[in-house]
Structures are given as C-alpha cells and as structure tokens.
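Residue numbers (the working numbering): 2 to 454.
Virtual Cβ for every residue (Gly too), placed ideally from N, Cα, C.
Values in this document were obtained by computation on a predicted structure and should not be read as measured data.
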Amino acid sequence: MSMSLSLAASQKLSISPRLQKAVRLLQLSTIDFEQEMHDTIAENPFLEELEENSEEQLAQEDGEAALAYGDNPAFEKTYTPSAGTNDLSWAPEHLQLRDLLRQQLSASRQDARLSFIAGAVIECLDEDGYLRDSVAQVLAALQLQPEADAQEIKRAIALVQSFEPTGVGARSLGECLQLQLRALSADDPAHDLALRIVEGHLDAIERRDFGGLQQRVGCNEDELRAAFALLRRLDPSPGGQMRSAASDYVVPDVLVVKRGDGYQTLLNPGVRNCARLNERYVALFRQVRRSEHPEMTRQLQEARWFLRNVEQRFDTILRVAEFIVLRQKAFFDHGDMALRPMVLREVAEELGIHESTVSRATGRKYMATPRGCLEFKFFFSRELPMRQGRGCSATAVRALIHEIIDAEGQGQPLSDVEIAAQLRAEGIGIARRTVTKYRRMLKLPAAELRRYA
C-alpha cells in the first residue's frame, strides 16, 4: 500500500455570517427589526442604546416631515406617532412562521446545499405560508454556484412541506388542503372522498354546484356532507395561526411628503437606528491583549458589522422607496387609476441590485403617504395590454371595474362579460374570468346579487 498527495478542484457552498445577518435584517418588518435591534443591544456589551436627547436630535433633523404631516388628514387616519413607538414590551414573544420553519430545517440535519435551498424557499413564503413564487423565481434568487436545478428545488419544497404547521409551502389552496388531508388518518370514511374533491373539484365548490359535484365524484348527499365536515376541519391559511394579534399594527418605514409639484421620500424618524458603539467599553478593551480575549474580539467585530448592516438596511429601503415614489408620481397625483405597471426586475435594474434584494426590501414595508399608509408591494402590479401601445396596471383596471359598477343604473347591473366588453371598447384587453377575479378581489357581489341590493 502506497501513500501519495494529490490536488483536486472542488466547489463548496458558503455564505458568510455577515451576509446572512444583512439579508435577515433587510427582510424584517419595522416592528420585528426594532425587536431584533433591542435584543442585539442586550446581548452585545459593545453596543448601547442612543440616549433620549439623541432621539430629540433625530426628530429635529426630520422636523419638516413631521410638520408636513401635522395637518394631513390622510396621515392622521393611518399613523399617529407617539412616545411609545419604540416600546416593544407588547411585542409577541412566540416564534414567527419563518423562525419555526428554520428551527425544523436545522433539526432535520440535511446536507448544506439542500438546507440552503430549503432556507431560500422558506424566505419566499408569504404570511399565509404559501409559496407564491415560481420555481424559476426561487432559482433566480438563490445565486448558487453551480446553479440549482428544478429537481433540487422540488426536493427543497417537499422538505419544507413536511414541516409544521401542516400545509405550509403549498403553491395553491388545493395543494394546501391535500397536504393536510394526507397527514390525517385515512380511517375516516370521508377521507378519500374529501381528497378527491380537493384534487380536482374545488371549482365546483366555488360555484356552489353541489348537485354537479355529487355526479362528478359519484356520491350521495350524506357522503358529500361528511366530506365537507372533514374539509371544514382543515386550515386554508396554515401560516395564519402564527400571526400575532399585533401583526395588524403598522409602523411606516418611510414618509412621503408633497413638495410643490413633486414628492419627497424620508425615512421615518421614529424607526431610525437606536444603537451605537459603547466607546467607553471599546476604549477599555483596547488596553488589553486581544489575543487573550477572542470572544470579546468577536463581539466587537459583530457589533461593527451589525451597525453597518443596519445602515445598509435603511439605505436600501430608502433607495427603493424613492424609486417607487418617482415612478408612481401619477398615482399620488390622481389615484389608483393612474398607477403604472411595475415589477421587481425594473427596480433592481435601475438601482443596480439583485431582484431578491428588492423583494426583501419591499416585503412587509410600508410608507405613509398623502393617500394613506400603503405597503410597498401595493405599487407592484402586472401590465395588462392596451391597443394604444403602453399597457396599464392591474390595479388601475380594478379601479376602473369599481368605477363601472358604481355607475350602474338602479336594478340594471352589468355582468362580468359586459364589463369585459366595456373595458375592451376602451382599449384594455381583458377576459371575462379576469374581470370576475378582480371583482372578487374588490369584494363586490355578482350581477345577480347586485340587482337586488
């Protein structure tokens, strides 16, 4: 037996702790970010909270924004600053959905590559626990070398779907209910029938075509009732159970102030950075041999990284908000019907950052504007074609549908087919089913119900 040395090239997946923390800070909501900041200050001796007079100084720096909103009725309706804005004693102590899933991912002891991809899938989940992004979008956000293929993505999605709460990671309501049914005991006589219904007949339930549903699945009325009773035990929003009662409390990240014919975008002074280096503690540490205190050296480095990441978070959010406000000026001037179509890719290309960064910078972020407190995501709407060339946003079309229905004659409601025809006459190419979808999003009843309203 002989021994020898050889060189071989290999690829290794790695993401620095600093980058991981920067990404995590960016995707946090304002309330979660403030809690994270207070927790980090409590854990790291090299960090301290800014004193009260520092907050006053920040308020003076943005005094113009406060004055501009003092007489703004839209602002009063949506957000009222108070001394308790940064008091998080009421904040929920239980885990959020993504935290719970990350814990289960860590406990599953998968290989590093699959864990990384599954972690990306977790970040793509919405608040209801659904995976709304396509496989291609997840792949684009990963930036893995070598690139992840579709099979790896499917394995990662299946892994996330195996976690609690059951049904999380589904890409549709049908898949969500299927995951929950398969987790239940098949001993229930209604189990197989309920599974068949959610696999291919949810449309009949939506139309309330129960007679047709009985014929399609081949069951009697009692069996159908039993299947419905089982379906009512399922949760169509598995992530919803992880929400706190405080999740409806919204603190805007930025303020949009009208200045002459334009609009100025400012960071909300109430959620600015409240951490700084404890210079006295740093000076004391400089007097000792760092090699003898590796843990304290690490904490000092982490404190500096944290402060840089915080500033980078604010900078990214502000840049994205400024682009949105500039692009959507017509909306602020004229309302929903003037909202321009816009996608994440446009913002990413303009700002020179990755599309996934824009997604994190707009998720659960809000701006207080003269038109109310709006989520960043509100301004992103797909383009619908128009005969005149440039398309219009889906939000603008929904506003038009609302206007058409509001203008209906008494007892003469328009059907979705007629509304679609009217929009097409105005140059907007739209199908009847799209009108139906948008009408339901607006929570407007069908024509037959409006006739007797």
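By Cβ distance below 7 Å, which residues in the same chain neighbour residue i in space, the five residues on each side in sequence not counted?
i: Ala282; result: At residue 282 the sequence reads Tyr, which differs from the Ala that was named. So the qualifying residues of the chain are Pro46, Phe47.
i: Arg299; result: none
i: Phe332; result: Ala339, Leu340
i: Phe324; result: Val348, Glu351, Leu352
i: Met297; result: Phe286
i: Arg361; result: Val24, Leu27, Gln28
i: Arg388; result: Gly428
i: Ala184; result: Thr167
i: Met442; result: Arg399
Residues in the same chain with beta-carbon distance under 6 Å from residue i, minus the five sequence neighbours each way, listed in chain order, please.
i: Gly175; result: Val199, Leu203
i: Gln58; result: Confidence at Gln58 is low in this model, with a pLDDT of 49, below 50, so its placement is unreliable and no value can be given for it.
i: Leu450; result: none
i: Gln179; result: Val199
i: Arg434; result: none
i: Phe377; result: Thr363, Lys366
Identify the residues that DSSP records as bridge partners of residue i: which are they?
i: Arg277; result: Glu49
i: Met368; result: Val255, Leu375
i: Gly219; result: DSSP, once it has assigned bridges, lists no residue as partnering Gly219.
i: Pro260; result: Residue 260 is actually Arg in this sequence, not Pro. In the DSSP output, where bridge partners are listed per residue, Arg260 has Gly263.
i: Glu384; result: Ser394
i: Gly410; result: Gln413
Restricting to Cα atoms, I'd like to know which of the options is closest to residue i.
i: Arg172; options: Arg328, Gln411, Arg133, Ile42; result: Arg133
i: Ala276; options: Val258, Arg309, Met297; result: Arg309
i: Ala422; options: Arg99, Arg441, Leu401; result: Leu401
i: Phe315; options: Leu256, Asp112, Ala447; result: Leu256
i: Asn269; options: Ala426, Val252, Met442, Asn279; result: Val252
i: Pro239; options: Gly170, Glu44, Pro147, Ala284; result: Gly170
i: Asp262; options: Val326, Glu303, Ser292; result: Val326
i: Gln413; options: Gln36, Gly212, Leu214, Ala448; result: Ala448
i: Lys259; options: Gln181, Glu293, Asp334, Ala151; result: Asp334
i: Glu44; options: Leu301, Ala184, Pro147; result: Leu301
i: Arg452; options: Leu415, Ser382, Arg425, Arg197; result: Leu415
i: Ala395; options: Asp223, Tyr439, Ser107; result: Tyr439
i: Gln313; options: Arg291, Ile158, Ile354; result: Ile354
i: Tyr264; options: Arg290, Thr317, Ala322, Val289; result: Ala322
Can you check whether the CB of residue j is closer than 9 Å to the CB of residue i?
i: Met343; j: Arg328; result: yes
i: Leu27; j: Thr266; result: no
i: Arg217; j: Ala228; result: no
i: Asn523; j: Leu51; result: Residue 523 is absent from the model: the chain starts at 2 and stops at 454.
i: Val436; j: Asp417; result: yes
i: Leu375; j: His403; result: no
i: Gly392; j: Glu384; result: yes
i: Pro386; j: Gly430; result: yes
i: Ile118; j: Arg156; result: yes
i: Leu98; j: Leu126; result: yes
i: Phe381; j: Leu424; result: no
i: Phe211; j: Leu225; result: yes
i: Glu37; j: Val272; result: no
i: Cys177; j: Gly130; result: yes
Here's a check: name, in chain order, each residue in its chain whose Cβ is nearer than 8 Å to the Cβ of residue i, leaving out the five neighbours to either side.
i: Thr41; result: Leu48, Ala276, Phe307
i: Gln242; result: Pro166, Asp236
i: Lys22; result: Trp306, Phe307, Asn310
i: His294; result: Phe286
i: Leu220; result: In the sequence as displayed, the identity of residue 220 is Cys instead of Leu. Counting only Cβ-Cβ distances below 8 Å, and skipping sequence neighbours, we find Leu194, Ala228.
i: Leu214; result: Ile198, His202, Ala205, Ile206, Leu225
field: the stretch 402 to 417 in contact with the stretch 365 to 380 per 3-pair CB rule at 8 Å
entry: The stretch 402 to 417 makes no contact with the stretch 365 to 380: fewer than 3 CB pairs, one atom from each, lie closer than 8 Å.
message: Within 8 Å, do at least three Cβ pairs link the stretch 182 to 198 to the stretch 224 to 236?
response: Touching, yes, given that three or more Cβ pairs across the two stretches are closer than 8 Å.
message: Measuring CB atoms only, is the stretch 100 to 118 touching the stretch 156 to 170, in the sense that at least three cross pairs come out at less than 8 Å?
response: Touching, yes, given that three or more Cβ pairs across the two stretches are closer than 8 Å.
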